[in-house]
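Going by UniProt numbering, the letters in the sequence shown line up with residues 1 to 272, in that order. All residues carry an ideal CB built from backbone N, CA and C; glycine is no exception. Right, one structure below, let's go through it.
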Amino acid sequence: MPVTNPSCAIGKSVHPLDPDVTDGALDRIRTWLERRRYGTYDRVVGWNYDRRLFAASRATPGGRIRTYELYNRHGRQEMLRAICARCEADDVVYDVGANVGVYALAVAAGGPDRRVIAYEPAPPTIERLRANCERNDCGDRVTIRPVGLGATAGCRRFYVSTYPELSSFDRESATRWGASVAATDSVRVRRLDEEIRDRPAPDVLKIDVEGTGAAVLRGARETLRTHRPDVFLEVHREALSGDRTAAVREELEAAGYVVDERDRFWRCEPRE
Numbered sequence: 001m002p003v004t005n006p007s008c009a010i011g012k013s014v015h016p017l018d019p020d021v022t023d024g025a026l027d028r029i030r031t032w033l034e035r036r037r038y039g040t041y042d043r044v045v046g047w048n049y050d051r052r053l054f055a056a057s058r059a060t061p062g063g064r065i066r067t068y069e070l071y072n073r074h075g076r077q078e079m080l081r082a083i084c085a086r087c088e089a090d091d092v093v094y095d096v097g098a099n100v101g102v103y104a105l106a107v108a109a110g111g112p113d114r115r116v117i118a119y120e121p122a123p124p125t126i127e128r129l130r131a132n133c134e135r136n137d138c139g140d141r142v143t144i145r146p147v148g149l150g151a152t153a154g155c156r157r158f159y160v161s162t163y164p165e166l167s168s169f170d171r172e173s174a175t176r177w178g179a180s181v182a183a184t185d186s187v188r189v190r191r192l193d194e195e196i197r198d199r200p201a202p203d204v205l206k207i208d209v210e211g212t213g214a215a216v217l218r219g220a221r222e223t224l225r226t227h228r229p230d231v232f233l234e235v236h237r238e239a240l241s242g243d244r245t246a247a248v249r250e251e252l253e254a255a256g257y258v259v260d261e262r263d264r265f266w267r268c269e270p271r272e
């Protein structure tokens, strides 16, 4: 039996299973639940990090690591599995968009002679990355660089998301999944081509930067051309416009790379 929708004009009735009404209401409910879930998780995890209370042992493709996260975030992802399988015993891996360090720690756990350079620009996340590295006693195997990477050097506005994992130099990325901008910071940005002048060149380059992958690659053209690292890149197709992924592909193909599209990431190797 039709019911009157109080938000509509008087006398206009709407069936309760009308797809337009139902879908809109469900979307609002999902967004509200996601915000509550992410917000609650981040508060509890933040409390754990602040007090350094509990660092659980987690299985990863590279070996067991400890983190202050409450569940094995990213530790079973296929991209991490592919990176660990690709890495040689003494490889240098650049982890661009290191977040709290699961990839960096897993790669380092796979061999005592491996070295990881972990790039993370988000101010709140940097401290969590440091905490996890200290808990795993990484020594000089993981070097933290608290800067962003992009096409040009300087300072850029960084959007801290209410879902911390989505924080980005790109506002659209920081507001995916119903998230909003919690704060903005001015963050230092470097070009990867500048970074390698004082550091060993990468054998493997992992990029997960929430919408700014093309900019990172533009700042790494010399590195890609000269050192030819394998590139693993997470592409967020579900929320970002198609022209952004096209720009990433164009940069890689112009540098002489073959792009192998996997389910949730790209594996890119130099063309022979």
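### Close beta carbons around Met-79, own chain, < 7 Å, minus the five adjacent residues each side
Phe-232, Glu-234, Arg-264 and Phe-265
### Task
Evaluate the contact criterion for the segment 180-190 versus the segment 107-116: three or more CB pairs, one atom per stretch, below 8 Å.
The segment 180-190, when compared against the segment 107-116, does not touch it at the 8 Å Cβ threshold.
### Task
List the whole-angstrom C-beta distance separating Thr-67 from Ala-59, where the pair is believed to meet the contact cut-off of C-beta under 8 Å.
About 12 Å separates the two Cβ atoms, so there is no contact after all.
### Task
Note down, in chain order, each residue of its chain lying with its Cβ closer than 8 Å to the Cβ of Arg-225, except the 5 sequence neighbours on either side.
Ala-255 and Gly-256
### Rounded straight-line distance, which links the Cα of Ser-167 to that of Arg-176
Distance between the alpha carbons of Arg-176 and Ser-167: 10 Å.
### Query
To the nearest angstrom, how far is it from the Cα of Ser-161 to the Cα of Gly-97?
15 Å
### Task
Mark Pro-200 as exposed unless 16 or more other C-beta atoms lie within 10 angstroms of its C-beta, in which case mark it buried.
exposed
### Query
Gly-154 and Asn-132 look like a contact to me (Cβ under 8 Å); what is the Cβ gap, rounded to whole Å?
Contact doesn't hold; Cβ gap of about 29 Å is too wide.
### Message
Taking 6 Å as the limit between beta carbons, can you name the residues of its chain near Tyr-202, skipping five residues before and five after?
### Response
Checking the sequence shown, residue 202 turns out to be Pro, not Tyr. Val-92, Tyr-94 and Pro-229, listed in sequence order.
### Task
Going by CA-CA distance only, name the one from Asn-72, Leu-149, Ala-246 and Ala-214 that's closest to Ser-57.
Asn-72
### Task
Determine the extent of the alpha helix (DSSP H) in which Gly-213 is found, giving its start and end residues.
213-218
### Query
Tell me which same chain residues have a C-beta within less than 6 Å of the C-beta of Gly-150, skipping the five on either side of it?
Val-189, Ala-215 and Gly-219
### Task
Kindly list the residues whose CB is nearer than 7 Å to the CB of Arg-267, restricted to its own chain and excluding five residues on each side of it in sequence; keep chain order.
Ala-82, Phe-232 and Asp-260
### Query
If you follow the beta strand (DSSP E) that Thr-125 is part of, which residue opens it and which one closes it?
Taken as a continuous stretch (DSSP letters only), Thr-125 belongs to no beta strand (DSSP E), being part of the alpha helix (DSSP H) at 123-135.
### Query
What did DSSP end up calling Leu-205 once you bin it into helix, strand or coil?
Strand at Leu-205.
### Message
For Ala-109 and Ile-65, what's the separation of their Cα atoms in angstroms?
### Response
C-alpha separation (whole angstroms): 7 Å.
### Query
Any idea if Val-107 is buried or exposed, counting beta-carbon neighbours within 10 angstroms, 16 or more meaning buried?
Around the C-beta of Val-107, 16 or more other C-beta atoms lie within 10 Å, and the residue is accordingly described as buried.
### Task
Starting from the N-terminal side, write out each stretch of the beta strand (DSSP E) that is 3 residues or longer and does not extend beyond the segment 221-260.
230-233
### Cβ-Cβ separation, Pro-124 to Pro-146 (assumed contact under 8 Å), whole Å
In fact, because the Cβ distance is near 11 Å, the residues do not count as touching under 8 Å.
#### Entry: Residues near Arg-141 by beta carbon distance below 7 Å, same chain, minus five either side
Ala-108, Arg-114, Arg-115 and Val-116
### Message
What residue range does the beta strand (DSSP E) around Cys-84 cover?
### Response
Not the beta strand (DSSP E): Cys-84 falls in the alpha helix (DSSP H), residues 78-86.
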